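Worksheet for the structure shown next.
Number of protein chains: 2
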Amino acid sequence: MALPKTPALTTDCVVFDPKFRVLLIRRKNEPFAGSYALPGGFVDIGETVEAACRREVLEEAGIEIGELRLVGVYSDPKRDSRGHTVTVAFASVLPAEMRPKAGSDADGVEWVADWRNQGIGFDHARILADAERLVWGGQGNDP
Amino acid sequence: MALPKTPALTTDCVVFDPKFRVLLIRRKNEPFAGSYALPGGFVDIGETVEAACRREVLEEAGIEIGELRLVGVYSDPKRDSRGHTVTVAFASVLPAEMRPKAGSDADGVEWVADWRNQGIGFDHARILADAERLVWGGQGNDP
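Structure follows, in structure tokens:
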């Protein structure tokens, strides 16, 4: 039985380090080429969303993440100019600082301290704000 | 630009009434034909997951629901024999008792008080347990 066509499923991850910095990539490809964005990507058929999230952070930033907390599901049909994508967003807090290494999909990857004042692609600034509330309860180390 | 093929996206809803009963449908179609299941279905391209959730409960049970709370995202590749489906599950609590009316997709729809002791299709018993914890904090009106 063929399944109906539904929106494409993606996952994005808000990775915090102990200094309250956030792992952001510089996008190489459109949309939002050159902008910061959260690491993430499309979920493969046959993998869970949690596995896809861990795989994407490893591929794009060379970092293995531990526990994931569900931040939310973002499904506005206009959130991605390529077509209707629905993203499942997770947050993860690293126990120690780690040096990231950009994968081939990204122009760079870095820990960003003043992420509140950066332009961030897609609806990722909103996702980040929601993750901050979930993980730090608004009590983060505000710079 | 064509989007990659990803798992099919569905939504399911745990609707409680003020008596702590749960709205369950009798499935007409396989898989799990004849079993209880949560109201839900595939998300259309162009609609949000919240809108899809409200639409499915209205279509299958004739009930308009209010506020939705995100219960979780369930993505085990084996959870649906038709293929890999990922469901976004919500919970909603009705302010008053309402009489449901089965849609054409269901063999029946009813308020079930002893839902803990019923066979429920898919992974919906787990979703229901997670929703109970989220909404009632385990302090439900245990029969």
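Residue numbers (the working numbering), protein chains in the order written: chain A, 45 to 187; chain B, 45 to 187.
For glycine and all other residues, C-beta sits at the position ideal for the given N, C-alpha and C.
These numbers come from a predicted model, not from an experiment.
- Rounded to whole angstroms, the Cβ separation of B/L67 and B/W180 is 15 Å, and the two are not in contact under 8 Å.
- The beta strand (DSSP E) runs lying completely inside the segment 102-184 of chain B and spanning 3 residues or more are 113-118, 129-137, 150-156, given in chain order.
- Under the Cβ criterion of 8 Å, A/T92 is counted among the residues facing chain B.
- Non-local beta-carbon contacts of B/I171 in its own chain, meaning distances under 8 Å to residues more than five positions away in sequence, involve D56, V58, L82, V115, G116, Y118, T131, A133 in chain order.
- According to DSSP, B/L68 shares a beta bridge with B/E154.
- Within chain A, the residues placing a beta-carbon under 7 Å from that of B/T50 are A52, L53, F86, V87, I89, ordered along the chain.
- The shortest CA-to-CA distance from A/P75 to any of A/D167, A/K49, A/E176, A/K63 is the one to A/D167.
- Its chain contains R99 as the residues whose beta carbon lies nearer than 8 Å to that of A/E91, once the 5 sequence neighbours on both sides are disregarded; these appear in chain order.
- Here the segment 146-162 of chain B makes no contact with the segment 100-113 of chain A; the two share fewer than three CB pairs at distances below 8 Å.
- Residue pairing by DSSP places B/L53 opposite B/V130 in a beta bridge.
- The beta carbon of B/H128 sits closer than 6 Å to the beta carbons of P51, P121 from its chain, once the five residues preceding and following it are set aside; these are given in chain order.
- Spatial neighbours of B/L178 in its own chain (CB-CB distance under 8 Å, excluding positions within 5 residues in sequence) are listed in chain order as R113, V115, A135.
- Your pair A/E141 and A/P62 checks out as a contact, with CB atoms roughly 7 Å apart and the cut at 8 Å.
- By the CB criterion at 8 Å, B/L53 and B/V87 fall inside the cutoff.
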